[in-house]
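To keep things clear, I will list the structure first and then write my remarks on it.
2 protein chains.
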Amino acid sequence: MEIKLSEIPLFKNVQESDIQMLLSGIVFQRKTYAEGSMVVSQGDECNRLLLLVEGTVKGEMISPAGKSLKIEDMQAPYALATAFLFGKSSIFPVNIIAVTEVSFIIIQRQEVIRLFQKSEQILLNYLSIISSRAQFLSEKLRFHSFKSLKAKIAFYLIKEAGKDNSFRLLQSQNELAELFGVARPSVGRAFLVLQEEGLIDIRYRQVEILDRKRLIEYCNE
Amino acid sequence: MEIKLSEIPLFKNVQESDIQMLLSGIVFQRKTYAEGSMVVSQGDECNRLLLLVEGTVKGEMISPAGKSLKIEDMQAPYALATAFLFGKSSIFPVNIIAVTEVSFIIIQRQEVIRLFQKSEQILLNYLSIISSRAQFLSEKLRFHSFKSLKAKIAFYLIKEAGKDNSFRLLQSQNELAELFGVARPSVGRAFLVLQEEGLIDIRYRQVEILDRKRLIEYCNE
DNA sequence: CTTGAATTGTCACAATTGTTACATTTGAAG
DNA sequence: CTTCAAATGTAACAATTGTGACAATTCAAG
Numbered sequence: 047m048e049i050k051l052s053e054i055p056l057f058k059n060v061q062e063s064d065i066q067m068l069l070s071g072i073v074f075q076r077k078t079y080a081e082g083s084m085v086v087s088q089g090d091e092c093n094r095l096l097l098l099v100e101g102t103v104k105g106e107m108i109s110p111a112g113k114s115l116k117i118e119d120m121q122a123p124y125a126l127a128t129a130f131l132f133g134k135s136s137i138f139p140v141n142i143i144a145v146t147e148v149s150f151i152i153i154q155r156q157e158v159i160r161l162f163q164k165s166e167q168i169l170l171n172y173l174s175i176i177s178s179r180a181q182f183l184s185e186k187l188r189f190h191s192f193k194s195l196k197a198k199i200a201f202y203l204i205k206e207a208g209k210d211n212s213f214r215l216l217q218s219q220n221e222l223a224e225l226f227g228v229a230r231p232s233v234g235r236a237f238l239v240l241q242e243e244g245l246i247d248i249r250y251r252q253v254e255i256l257d258r259k260r261l262i263e264y265c266n267e
Numbered sequence: 047m048e049i050k051l052s053e054i055p056l057f058k059n060v061q062e063s064d065i066q067m068l069l070s071g072i073v074f075q076r077k078t079y080a081e082g083s084m085v086v087s088q089g090d091e092c093n094r095l096l097l098l099v100e101g102t103v104k105g106e107m108i109s110p111a112g113k114s115l116k117i118e119d120m121q122a123p124y125a126l127a128t129a130f131l132f133g134k135s136s137i138f139p140v141n142i143i144a145v146t147e148v149s150f151i152i153i154q155r156q157e158v159i160r161l162f163q164k165s166e167q168i169l170l171n172y173l174s175i176i177s178s179r180a181q182f183l184s185e186k187l188r189f190h191s192f193k194s195l196k197a198k199i200a201f202y203l204i205k206e207a208g209k210d211n212s213f214r215l216l217q218s219q220n221e222l223a224e225l226f227g228v229a230r231p232s233v234g235r236a237f238l239v240l241q242e243e244g245l246i247d248i249r250y251r252q253v254e255i256l257d258r259k260r261l262i263e264y265c266n267e
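Order-wise, the sequence lines are chains A and B. Under my numbering, the first residue of the first sequence carries the number 47, and numbering increases by one thereafter. Under my numbering, the first residue of the second sequence carries the number 47, and numbering increases by one thereafter.
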């Protein structure tokens, strides 16, 4: 079932009738791919915006020997490879493969720019999409800059706590393990160590920060 | 020494005279900060573009206890926090502190948009800056998605090798260690293991890929 | 062709994290 | 208030990575 255009983030806060009008003023293409087909090949030039309006695709890196590495799944509505349309490198780094039957709206770069000129809202939406992605990546990467798992967790706890010293964890240990890039029991163990050292008290998801100062120092270890 | 405006990435490929004309048509501000002063506080709303035109600043996370974590250094010419001007979160996540005496051109968000409307080139430059940053972050993050250091290195080697089986490393082990987020001897050790297993031959920076297929399989371990 | 700083190879031991497994507790649904 | 699946606590052992140290090699400058 194809989604409504106004549900696509790029067209957020634009009325359906306006979207139709805007689209009628530019050149674009609708295209459908069968399940399993390759939408984009690694190495292709990214000179068009791909709006996934129906279905699910996956990104894969492909190697000369034919083995593939799955990178991520994306499902409609989604704007593909937004960072490659205007970035320094305009080469798709991955293959995009249709997991289900999928359909796209495809707009050439020059026409995307025309769309920006016609609608400030669409420009702002595009800026928001790509900015939010950069924020997301940046936030994720920050955790990897800490030396030890305990440091990551100390940082996380301080960030989550805000000004309070007592709060409940919003994410499960499984989710935290994925965020930090470690195994689940390691997360629990790190919590335990911080508790043994008297920095926090944790009982299931209820956390008390006992020694905020030392917890902060832990971030640098 | 203040740099020329045309050296600022945002004004790339715009003639100096045109820049002057464009700037005269919008509201903006020049501001100078003394060494050590705080340019932006963590938690401030990011509703303006900060173009660093002279000097160096650092980003720091500050904690309630007063201890700080250095995040990164930035030197002129640099556009600060581009991802926060149009992203979902518009709160500065860090303090920005002047390392030297610094000077900025400050443009409110609404005026930045007007600048985009007046100059397609500037819009493209902004899109390029933020897109390239997302690409950079994405590329860096990819390495953290591998389970082991050997997998990261296998992936790196395949990417660097391209179609050839023989090549020279372009980066030192120190640089690689930083890229992968590990200690330097660990990099050497991982190379050694891959060599002992007969996947590669490495002698200082000269690498031969002996078994590309198994090397690729290593990426999934 | 020297020379010396930078890079790389290597080692032993410490510390951290992964793996597997299972018991316990929680919290939502009935 | 039960019940049960999901989440958490915990343990033992394996595997990986960090640390610090030093020798060997490379490479660029003279």
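Using N, Cα and C, we set each Cβ at its ideal position, and we do this for glycine too.
Ignoring anything shorter than 3 residues or poking outside the stretch 92 to 153 of chain B, list the beta strand (DSSP E) runs there in chain order. Whole beta strand (DSSP E) segments, 3+ residues: 94 to 100, 102 to 108, 114 to 121, 124 to 126 and 141 to 144.
Quick check for students: name the residue ranges of the beta strand (DSSP E) that lie wholly in the stretch 174 to 204 of chain B, counting only runs of 3 or more. The qualifying runs do not exist here; there are none.
I'd like to check one pair, B:Val-233 with B:Gln-219: are the Cβ atoms closer than 8 Å? Contact: yes.
Would you check if the distance between the CB atom of B:Ala-125 and the CB atom of B:Leu-173 is smaller than 8 Å? With respect to the 8 Å criterion, B:Ala-125 and B:Leu-173 are not classified as neighbours on the basis of their beta carbons.
Check each residue of the stretch 176 to 195 of chain A: if its Cβ is closer than 7 Å to any Cβ of chain B, include it; give the result in chain order. Listed in sequence order: Ile-176, Ser-177, Ser-178, Arg-179, Ala-180, Gln-181, Leu-183, Ser-184, Lys-186, Leu-187 and His-190.
Using CA atoms only, rank isn't needed, just tell me which of A:Ile-142, A:Ala-207 and A:Leu-97 is closest to A:Ile-175. Among A:Ile-142, A:Ala-207 and A:Leu-97, the Cα nearest to that of A:Ile-175 is on A:Leu-97.
Apply the 10 Å Cβ neighbour rule to A:Pro-123 and answer buried if 16 or more other Cβ atoms are within range, or exposed otherwise. Label assigned to A:Pro-123: buried.
When the Cα atoms are used, what is the spatial distance from B:Leu-225 to A:Leu-187? Answer to the nearest angstrom: the Cα atoms are 12 Å apart.
Assign B:Tyr-264 to one of two classes, buried (16 or more other C-beta atoms within 10 Å of its C-beta) or exposed (fewer than that). Answer is buried; the Cβ neighbour count reaches 16.
When you compare the CB of A:Ile-159 with every CB in chain B, is at least one pair closer than 8 Å? Chain B, which has a Cβ nearer than 8 Å to the Cβ of A:Ile-159, makes this yes.
Start-to-end residues for the beta strand (DSSP E) that takes in B:Glu-243: Following the DSSP letters along the chain, one finds B:Glu-243 in no beta strand (DSSP E), marked with neither H nor E.
Proximity test, Cβ basis, 8 Å: B:Ala-200 and chain A: False, the Cβ-Cβ gap to chain A never drops below 8 Å.
Can you give me the C-alpha to C-alpha distance between B:Val-145 and B:Gln-121, rounded to a whole angstrom? Whole-angstrom Cα-Cα distance: 9 Å.
Report the partner residues of B:Tyr-79 according to the DSSP bridge assignment. B:Tyr-79 is bridged by DSSP to B:Val-148.
Residues near A:Leu-240 by beta carbon distance below 6 Å, same chain, minus five either side: Contacts found: Ile-246.
Using a Cβ-Cβ cut-off of 8 Å, state whether A:Lys-165 counts as contacting chain B. Correcting the residue identity first, residue 165 of chain A is Ser in this sequence and not Lys. No - not a single Cβ of chain B is within 8 Å of the one on A:Ser-165.
Shorter than 8 Å from the beta carbon of B:Ser-135 to some beta carbon of chain A? Chain A, which has a Cβ nearer than 8 Å to the Cβ of B:Ser-135, makes this yes.
Just checking my contact of A:Lys-134 with A:Asp-119 at CB under 8 Å: how many whole Å lie between their CB atoms? Here A:Lys-134 is actually not in contact with A:Asp-119; their C-beta atoms are around 26 Å apart, not less than 8 Å.
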